[in-house]
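The structure appears right after this line, and notes come after that.
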Amino acid sequence: MKTKMFISLLLVALMSVSSLFAQKKGDATSVKVKIKTSAVCGMCKATISKALSKVDGLQEKTLDLKTNFITVVYNPTKTSPAKIRKAITMAGYDADDIPADSKAYANLHSCCKKL
Numbered sequence: 778m779k780t781k782m783f784i785s786l787l788l789v790a791l792m793s794v795s796s797l798f799a800q801k802k803g804d805a806t807s808v809k810v811k812i813k814t815s816a817v818c819g820m821c822k823a824t825i826s827k828a829l830s831k832v833d834g835l836q837e838k839t840l841d842l843k844t845n846f847i848t849v850v851y852n853p854t855k856t857s858p859a860k861i862r863k864a865i866t867m868a869g870y871d872a873d874d875i876p877a878d879s880k881a882y883a884n885l886h887s888c889c890k891k892l
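In the numbering used here, the protein residues as written are 778 to 892.
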């Protein structure tokens, strides 16, 4: 009996904690920005994702390779669109009207380079 009660309480606690995290993502401290990139393939997506993982305050990132837009949800008290764009360009990709860093671009795989 005590084991069942303990498991039930544990499950309730876990569900409460997970709902707090879910609410945090969509609260008023979240801002969304869409950035046009020069990404063309899955390798590009992985490279940009890795670069953005180093930016504090990012909560979610989704790159649509059909449109070449990345949608980023972030905490504006921890980062900014300029910092996000900078991370993308330093990975070797254009970010809106900011061109890719030339050294990083030169190191990209040939399939990731603009035609």
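C-beta atoms are modelled at their ideal positions from N, C-alpha and C, and glycine is treated no differently.
Under a Cβ-count criterion, where at least 16 other Cβ atoms within 10 Å of its own Cβ denotes burial, should residue i be classed as buried or exposed?
i, result
"Ser-879", "exposed"
"Ala-877", "buried"
"Ala-823", "exposed"
"Thr-866", "buried"
Are the beta-carbon atoms belonging to residue i and residue j less than 8 Å from one another?
i, j, result
"Ile-847", "Ile-875", "no"
"Asp-871", "Ser-815", "yes"
"Ala-859", "Ala-828", "no"
Between the Cα of residue i and those of the options, spot the shortest distance and give me the residue it belongs to.
i, options, result
"Tyr-882", "Gln-836, Ala-828, Gly-869", "Gly-869"
"Val-772", "Lys-855, Ser-830, Val-832, Leu-842", "The displayed coordinates of the chain run from 778 to 892. Any statement about residue 772 would go beyond what the structure contains."
"Cys-889", "Thr-839, Val-808, Glu-837, Cys-821", "Cys-821"
Can you pull the DSSP bridge partners for residue i?
i, result
"Tyr-851", "Val-808, Leu-835"
"Ala-872", "Thr-814, Ile-875"
Quick check on the DSSP output: the alpha helix (DSSP H) that includes residue i runs from which residue to which?
i, result
"Ser-879", "879–883"
"Cys-821", "819–829"
"Pro-858", "858–867"
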